[in-house]
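Residue numbers (the numbering used here): 2 to 559. We put the CB at the ideal spot given by N, CA and C, even for glycine. The structure presented is a predicted model; accordingly, all values stated were derived computationally and were not measured. Notes for the one structure printed next.
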C-alpha cells in the first residue's frame, strides 16, 4: 500500500483484523500511525512493518504492559512525528529478532538505546537520525558482530566518541555521527573497521590530527568537515585508492596537498576549503579523470591555475555502466554556488560539477583551457591576484550556472560572446581593471544588476550609469557675419563714447558749481579769474585781429 495518498488513523482500519499479515508496507502515505503499534499486537505472523513517511504519534493511553505476539525483523517508523517528543515504545523491549530499525525524524528523547543492540544480536541497521537523543554514546557489553550501518546523526550526543567503537562494531560499513556535540580525537580503534565505506563525523567538535589509520582500502566516502582538525594530510588516506568523496573543509589543516592525491583514481568530490593549506595546486590533480567538484577556497594556495583539470559528472559514468552500486553517494555535501552555500543531496550531486578556487593567492592569467570544461556548473575564481584578459573560451561553458571572477586584477574587455551562456544565473566581474562596454543586456545578462560590474572605473554601458558614448553639445544658433559683427561693434563703441563723455562733462560742471557754492573764497577767485580771462581775450582780439581792418569794437565794461 506504499506510495499512495491514503489517509486516516491506521488503528481504525480493517488491517487490524488481518492477523495473518506477514509483511505490511504503508510508507509514503498520509496515515496516522501510533508509535506503539497497539492495534497490531495480536499479529503473530508479522515480521516486516514499514510505516515510514507517515504521521507518527503517541497514544494518550498506551497498554505498555502487554507484550506483542509478533517478533519483528524489520521496523521502519521514520516520518513526521507530532504531539511532542516521546520515548522509545515499550514493545521494543520484547523484540529479539530485529535486523533493521529506523526511528528517524520522530523527536525521540532519552539516551542511546543500548538495550536494542544487546537484545537483538542479529541487528544489521540502526537509524536514529534527527531526533532529540542526548547524553553519551554507549557501547554494548559485548561486541556486536553483525551491525553494518549505524546512523545517529542530528542529535544531541556529547562527550568523546568511545575509544573501543571500532573493536565493538567491526562489521560497520556505514557510520554517521554527524551534527552532534562529540569532542576529542578520532578514535584509534577505527583501524579495526576494515569494511568501512562511509564515515561521517562532520559538524562536531573533534580535534587533533588526522591519524594514519585512515588508510583502509575499502573506504569510499569521508566527511570530516566543520570540526577542529589540525595537522597535514601527508600520512592520511594515502592507501585509500578508491576514495570517491573527501570532505575536510572548515577545519584547521595546514601544509600542502600531498602528491598521493593523484593515485585516488575514483575521486569525484574533493572539498578542502576553509583551512590553512598552502603551496601550489599539485599537477597530480590532472590525473583524476573522474573529478566532479573541487573546492580549495579560503586557503593560502599560490601559483597558477592548472590548465589540465578535467571535470565530469557522476551521472555520466552511471549511464555508461561504469559506476558500481556500492559507490553510490549516501550523504549530502555543502557546496558554495551563486554566492551562497547549499547542502546538496546525493540526487543532485550526481549531476554537479564545478571548481571553487576563490579567496587564495593565485596569480597569472586565467588559462584559456578552462573553456574546455563545458560541463561544469560552478566556476569561482574570485578574490585572487589573477591578471590578464578574460578568455573568450569561457563562452564554451554552456552549462555553467555560477561564474564569479570578481576581486582580481583582470583587464581588457569582457568578451561579448559570454551572452551565449544561457544557463547562467549568477555572474560577477566586480572590482577588477576591466574596460570597454558591458555585455549586451539580452537573455540571462538582462537579469544582472550593476553589482556584477561595479568597481571597474573604465567599464561602461548598462546596467552601469557610465555611458559609452560622449554627448556632443548642440551647435550655437546662427548669428551675424564677421563684417556685420565689426560694423556693429564700431557703432556700439561710438555710442558708448558719446554717452560717457556727456555724463562726465555734466558731472564736472556740477562738481565745480558745488565747490564754488560751498567755499566763498574760491568763488571770488573763480569770478576774478573769469573776468581777467575775458579782458585778456578782448584786447588780444582787438589788437591782433580787428585793428588791421579798422573795425570798431565795443570795449567791455569791466
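Beta-carbon proximity check, residue i vs residue j, cutoff 8 Å
i	j	result
residue 173	residue 151	yes
residue 371	residue 392	yes
residue 383	residue 359	yes
residue 242	residue 265	yes
residue 136	residue 112	yes
residue 226	residue 254	no
residue 363	residue 334	no
residue 230	residue 257	no
residue 410	residue 434	yes
residue 77	residue 53	yes
residue 100	residue 74	yes
residue 79	residue 123	no
residue 29	residue 4	yes
residue 51	residue 14	no
residue 450	residue 429	no
residue 60	residue 34	no
residue 560	residue 275	The displayed coordinates of the chain run from 2 to 559. Any statement about residue 560 would go beyond what the structure contains.
residue 163	residue 144	no
residue 272	residue 250	yes
residue 288	residue 263	yes
residue 420	residue 401	no
residue 361	residue 301	yes
residue 200	residue 156	no
For residue i, the nearest candidate out of the options (CA to CA)
i	options	result
residue 125	509, 171, 258 and 260	171
residue 165	149, 146 and 191	191
residue 1	131, 99, 96 and 119	This structure does not reach residue 1, given that the chain is present from 2 up to 559, and the question cannot be answered.
residue 563	6, 51 and 91	The structure shown does not extend to residue 563, since the chain is modelled only from 2 through 559, so no value can be given for it.
residue 280	400, 297, 56 and 54	297
residue 398	278, 375, 12 and 385	375
residue 418	439, 518 and 259	439
residue 176	182, 521, 81 and 220	220
residue 436	444, 452 and 467	467
residue 179	138, 271, 213 and 29	138
residue 206	158, 449 and 267	158
residue 252	262, 235, 25 and 210	210
residue 182	200, 169, 189 and 154	154
residue 427	517, 304, 88 and 338	338
residue 413	461, 212 and 259	461
residue 9	48, 58 and 43	58
residue 348	355, 516 and 332	332
residue 184	261, 161 and 194	161
residue 19	89, 512 and 43	43
residue 284	72, 343 and 310	310
Residues that residue i bridges to, as DSSP identifies them
i	result
residue 232	254
residue 161	184
residue 412	434
residue 150	126 and 175
residue 8	31
residue 295	271 and 356
residue 222	199 and 246
residue 301	279
residue 405	381 and 429
residue 461	438
residue 207	185
Whole-number beta carbon distance between residue j and residue i, since they are thought to touch under 8 Å
i	j	result
residue 306	residue 368	6 Å
residue 312	residue 377	5 Å
residue 196	residue 224	Contact flag wrong, Cβ pair sits at about 18 Å.
residue 117	residue 127	7 Å
residue 7	residue 41	In fact, because the Cβ distance is near 17 Å, the residues do not count as touching under 8 Å.
residue 222	residue 198	7 Å
residue 293	residue 353	6 Å
residue 70	residue 86	With a Cβ gap of about 29 Å, residue 70 and residue 86 do not count as contacting.
residue 407	residue 432	6 Å
residue 267	residue 295	That pair is no contact at about 14 Å.
heavy atom of the ligand MN below 7 Å from residue i C-beta
i	result
residue 12	The model depicted lacks the ligand MN and carries no ligand whatsoever.
Any C-beta of chain B under 8 Å from that of residue i
i	result
residue 332	The question asks about chain B, but that chain is absent: this structure has only one protein chain.
Task: Uninterrupted beta strand (DSSP E) stretches inside the stretch 329-401 (no shorter than 3 residues) - done: Correct list: 334-338, 341-345, 355-357, 362-366, 379-381 and 386-389.
- [ ] With a floor of 3 residues, list each beta strand (DSSP E) that falls wholly inside the stretch 62-148, ordered by position along the chain.
- [x] Residue ranges of uninterrupted beta strand (DSSP E) with 3 or more members, entirely inside the stretch 62-148 and ordered along the chain, are 75-77, 101-103, 126-128 and 133-137.
Task: Any alpha helix (DSSP H) of 4 or more consecutive residues that is wholly inside the stretch 19-63 - done: none
Task: Complete beta strand (DSSP E) runs within the stretch 522-547 (minimum length 3 residues, chain order) - done: Whole beta strand (DSSP E) segments, 3+ residues: zero.
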